[in-house]
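First residue of the sequence shown? That's 83 in the working numbering, and the numbers climb one at a time after it.
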Amino acid sequence: MTSEKSVLVQVRNLKKYFPVYSGLIFRRHVKDVKAVDDISFDILKGETLGLVGESGCGKTTAGRTILQLYKPTSGQIIFDGVDLSSLQENEVRRMRQRMQMIFQDPYASLNPRMTVGSIISAPLDVHTSLNSREKRDRVQELLGLVGLNPDFVNRYPHE
């Protein structure tokens, strides 16, 4: 018996253009830089998406736009059934607690002086009111969800 996974993220026809202006006193819009130009995809619950491309092709801009750190030029982003464009800023902030981008260079992204457990629990300190035991249990659970041995909790990113 197979269970069909539900869609967690839907991105439809997403565009993010940055305007280019000329003139110091009388600024006028001369063109747009198309950082993200019409991308669409789904991410199912439990899946991971890797966005791959050359430097400067718009990967980070796409991620920032999906997280609503940049306002999309056009397109639709639905997270767990909610159209993010319909949310107020405080609602977007709450929704971001359930989202994360991981950048290209894992050695630059992860503090080499922190254990895996400390890195994973840091957002729990900020975004939850879990006590120490609950945080420890949640870290163990998260390691298991991504297929890592719970013993990794005391290791460092380079190990």
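From the three backbone atoms N, C-alpha and C, an ideal C-beta is built for every residue, glycine too.
Shown here for S156: same chain residues with a beta carbon closer than 6 Å to its own, the five before and five after excluded, namely K97 in chain order. DSSP places L90 in the strand class (E or B) of the three-state scheme. In summary, Q150 is buried, with 16 or more beta-carbon neighbours lying within 10 Å of its beta-carbon over all protein chains present.
Of the residues S214, F185, V208, Y238, the one whose Cα lies closest to the Cα of V134 is F185. Put simply, the backbone Cα of I201 is about 44 Å away from that of V112.
Of the other Cβ atoms in all chains shown, fewer than 16 fall within 10 Å of the Cβ of T210; this residue is therefore exposed.
D119 is bridged by DSSP to K97.
Note that the C-beta distance between V174 and G140 is not below 8 Å. Counting only runs that start and end inside the stretch 154-212, the alpha helix (DSSP H) elements of at least 4 residues fall at 171-178, 188-191, 198-209. Annotation for T147: L96, K98, V118, P154 place their beta carbon closer than 7 Å to its own, counting only its chain and skipping 5 residues before and after. With 16 or more other Cβ atoms inside 10 Å of its own Cβ, L166 counts as buried. Looking from the CA of N236, the closest CA among V228, R218, G229 belongs to R218. Of all alpha-carbon atoms in Y238, V228, R178, the one lying nearest the alpha-carbon of F161 is that of R178. The residues G199, I202, S203, V235, in chain order, have a CB closer than 7 Å to that of V221 in the same chain once the five nearest residues on each side in sequence are set aside. Separation of the CB atoms of A144 and I121 is rounded to 6 Å, and the pair is thereby assigned contact status at 8 Å.
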